Amino acid sequence: MTEPWIACLGEPLALVSAAALDAPEPAMHAGGAEANVAAGVAVLGTRTAFISRVGGDTEGARIVEHLRAHGVDVAGVEVERAGFTGRYAKTEGLDATGEPTTASTYRRAGSAAAGMDSAYLSRPAVAEALARAHIVHTSGITPALSASCAELTLVLLRDRTGVPGTVTFDVNWREQLWPSGDPSLVIRLARFADVVLVGSDEAERVLGTGEPAEVRALLPEPRTVIVKDGAVRAIAVARDGSQVSVPALSVEVVEPVGAGDSFAAGFLHGLAHDEDMRTCLRRGHAGAAATLTVRADFAVLPPEAMAALLACDEQDWADAHVGPGGVRVGGTDFPPPRESGAA
Numbered sequence: 001m002t003e004p005w006i007a008c009l010g011e012p013l014a015l016v017s018a019a020a021l022d023a024p025e026p027a028m029h030a031g032g033a034e035a036n037v038a039a040g041v042a043v044l045g046t047r048t049a050f051i052s053r054v055g056g057d058t059e060g061a062r063i064v065e066h067l068r069a070h071g072v073d074v075a076g077v078e079v080e081r082a083g084f085t086g087r088y089a090k091t092e093g094l095d096a097t098g099e100p101t102t103a104s105t106y107r108r109a110g111s112a113a114a115g116m117d118s119a120y121l122s123r124p125a126v127a128e129a130l131a132r133a134h135i136v137h138t139s140g141i142t143p144a145l146s147a148s149c150a151e152l153t154l155v156l157l158r159d160r161t162g163v164p165g166t167v168t169f170d171v172n173w174r175e176q177l178w179p180s181g182d183p184s185l186v187i188r189l190a191r192f193a194d195v196v197l198v199g200s201d202e203a204e205r206v207l208g209t210g211e212p213a214e215v216r217a218l219l220p221e222p223r224t225v226i227v228k229d230g231a232v233r234a235i236a237v238a239r240d241g242s243q244v245s246v247p248a249l250s251v252e253v254v255e256p257v258g259a260g261d262s263f264a265a266g267f268l269h270g271l272a273h274d275e276d277m278r279t280c281l282r283r284g285h286a287g288a289a290a291t292l293t294v295r296a297d298f299a300v301l302p303p304e305a306m307a308a309l310l311a312c313d314e315q316d317w318a319d320a321h322v323g324p325g326g327v328r329v330g331g332t333d334f335p336p337p338r339e340s341g342a343a
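According to full-length UniProt numbering, the stretch in the sequence shown is residues 1 to 343, in order.
Structure (structure tokens):
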């Protein structure tokens, strides 16, 4: 069997402190949804390419080096020397129930990545990455960057020119990126995908319902729709309406941003290796749990802890716990998740 590849397309971002959002060369972590997914699947052992543009600035160079250091093929990342790389900062707080919450502030309008258009898909390095990929992944963030990025995403999902593999789409609805509040383009894009990932809260906003069977009815075309119900469960719904449901892990949450990307990375790793749907969903939950225990956008479980979670029975899965102090599965303690985001 040919070794699987995953190609991720989207905008990378530099995660900085709120005070350094406009600083010349701030301390930073690498971020951005599709970049996080690319690094995540590469660390899990799947060959991965990232497709994007960065500015000719320190942030762009450090993000490219970060991805390369994690084993990601960055031949499809173009440097726009006169452009800039987007930044964002996170402000932590608590919601009405006392759960950790995070607000993000961006400096990304007009970034190098926002200048991508459908012609970018024909660049030699980009076309090569798309042609060899078993899975091509993008999200609803990319079309929100600019009209040209919306065109690029539509062409990628609808036309599939030079894209022989499965196309996956994470809805990733970000209210502040859609000032009109109109989700119709995101819904249209999702219907062109083979596999759609969506949070139940996002589905409520975008589709008017977070109930898995109803979400599936509103997205009839994809092969599989994954509805992630936060700390409760994730459900895969096939075209025939059959469901596979896996409960979320018990987690001591430190900071929530990036968990969805880590879920996607784990899920796509399993999908690329033709694992059964239950295992793919377990991989997604495990990845999300690891990232919830750190303040960076991405973390990984120790391999021994991951292996134990994938092999354990339903009761041990239900009793397992992941926290910044360690992981417990089936009465065995493992080291804590490892942050993997510094650049």
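For glycine and all other residues, C-beta sits at the position ideal for the given N, C-alpha and C. Every value quoted in this text rests on a predicted model; they were computed, and no experiment measured them.
Exercise for the section: Might you give, ordered along the chain, the residues of its own chain that have their beta carbon closer than 6 Å to the beta carbon of residue 249, omitting 5 neighbours on each side? Expected result: Residue 249 sits at position 249 when you count from the first residue of the sequence shown. Once the five neighbours on either side are set aside, the close Cβ partners of residue 249 are 285, 289, 320, 322.
Practice task
Grab me the residues of residue 282's own chain with a C-beta within less than 7 Å of its C-beta, minus the 5 sequence neighbours each way, in chain order.
Solution key: Counting from 1 along the sequence shown, the entry for residue 282 is found at position 282. Cβ contact annotation for residue 282 (same chain, cutoff 7 Å, sequence separation greater than five): 246, 309, 310, in chain order.
Practice task
Go to residue 5, then tell me how far its beta strand (DSSP E) extends in each direction, as first and last residue.
Solution key: By one-based count along the sequence shown, residue 5 stands at place 5. Residue 5 -> beta strand (DSSP E) spans 5 to 9.
Handout entry: Runs of beta strand (DSSP E) lying entirely within the segment 211 to 272, each at least 3 residues, in chain order
Key = 224 to 229, 233 to 238, 243 to 247
Handout entry: Three-state secondary structure (DSSP) of residue 163
Key = For the purposes of this step, residue 163 is taken as residue 163 along the sequence shown, with counting starting at 1. Residue 163 falls in the coil class under three-state DSSP.
Practice task
Can you have a look at residue 57 and say buried or exposed, based on whether 16 or more other CB atoms are within 10 angstroms of its CB?
Solution key: Here residue 57 corresponds to residue number 57 of the sequence shown, with the count starting at 1. Buried.
Practice task
Can you grab the Cα-Cα spacing for the pair residue 177 / residue 156, in whole Å?
Solution key: On the sequence shown, position 177 is the one that residue 177 refers to. On the sequence shown, position 156 is the one that residue 156 refers to. Taking the straight line from one Cα to the other gives about 20 Å.
Exercise for the section: Look at the alpha carbon of residue 342 and the alpha carbon of residue 240, and state the distance between them as a whole number of angstroms. Expected result: Reading the sequence shown from its first residue, position 342 is the one you call residue 342. Reading the sequence shown from its first residue, position 240 is the one you call residue 240. Per-residue confidence for residue 342 stands at a pLDDT of 43, beneath the threshold of 50, marking its modelled position as unreliable; the derived number appears in the next sentence. Their Cα atoms are separated by approximately 43 Å.
Handout entry: Euclidean distance between Cα positions of residue 32 and residue 179
Key = Residue mapping note: residue 32 aligns to position 32 of the sequence shown, counting from 1. Residue mapping note: residue 179 aligns to position 179 of the sequence shown, counting from 1. The C-alpha of residue 32 lies about 20 Å from the C-alpha of residue 179.
Problem - Counted within 10 angstroms of its Cβ, other Cβ atoms place residue 305 as buried (16 or more) or exposed - result: The sequence position of residue 305 within the sequence shown is 305, counting from 1. The residue is buried, with at least 16 neighbouring Cβ atoms inside 10 Å.
Practice task
Within the same chain, show all residues whose beta-carbon is closer than 6 Å to that of residue 172, passing over the 5 residues directly before and after it, in chain order.
Solution key: Working through the sequence shown from its first residue, we reach residue 172 at position 172. Cβ neighbours of residue 172 beyond the five flanking positions: 33, 139, 140, 141.
Practice task
Taking 8 Å as the threshold, find out whether the segment 41 to 58 comes into contact with the segment 250 to 269 through three or more Cβ pairs.
Solution key: Segments in contact, yes.
Practice task
Could you work out which residue in 237, 222, 144 is closest to residue 228 when comparing CA atoms only?
Solution key: Within the sequence shown, residue 228 is the residue found at index 228, counting from 1. For residue 228, the nearest C-alpha among the options comes from 237.
Practice task
Within 10 angstroms of the Cβ of residue 87, are there 16 or more other Cβ atoms? Answer buried if so, exposed if not.
Solution key: In the sequence shown, residue 87 corresponds to position 87, counting from 1. Classification of residue 87: buried, given that the 10 Å Cβ count is 16 or more.
Problem - Beta-carbon proximity of residue 210 to residue 200, cut-off 9 Å - result: Residue 210 sits at position 210 when you count from the first residue of the sequence shown. Residue 200 sits at position 200 when you count from the first residue of the sequence shown. In this structure, residue 200 lies closer than 9 Å to residue 210 by Cβ.
Exercise for the section: Starting from the Cα of residue 256, find the closest Cα among 294, 232, 270, 277 and give me that residue. Expected result: Locating residue 256 in the sequence shown gives position 256, counting from the first residue. Of the candidates 294, 232, 270, 277, the one whose C-alpha sits nearest the C-alpha of residue 256 is 294.
Practice task
Could you check what DSSP says for residue 141 in three-state terms: helix, strand or coil?
Solution key: Sequence index remark: in the sequence shown, residue 141 carries index 141 (1-based). Correct three-state label for residue 141: coil.
Practice task
Please state whether DSSP places residue 343 in a helix, a strand or coil.
Solution key: Along the sequence shown, read from residue 1 onward, the residue named residue 343 stands at position 343. Its pLDDT being 44, under 50, residue 343 is placed unreliably in this model, and the coordinates cannot settle the point.
Practice task
Note the first and the last residue of the continuous alpha helix (DSSP H) segment covering residue 43.
Solution key: The count along the sequence shown starts at 1 and reaches residue 43 at position 43. Here the alpha helix (DSSP H) through residue 43 covers 33 to 43.
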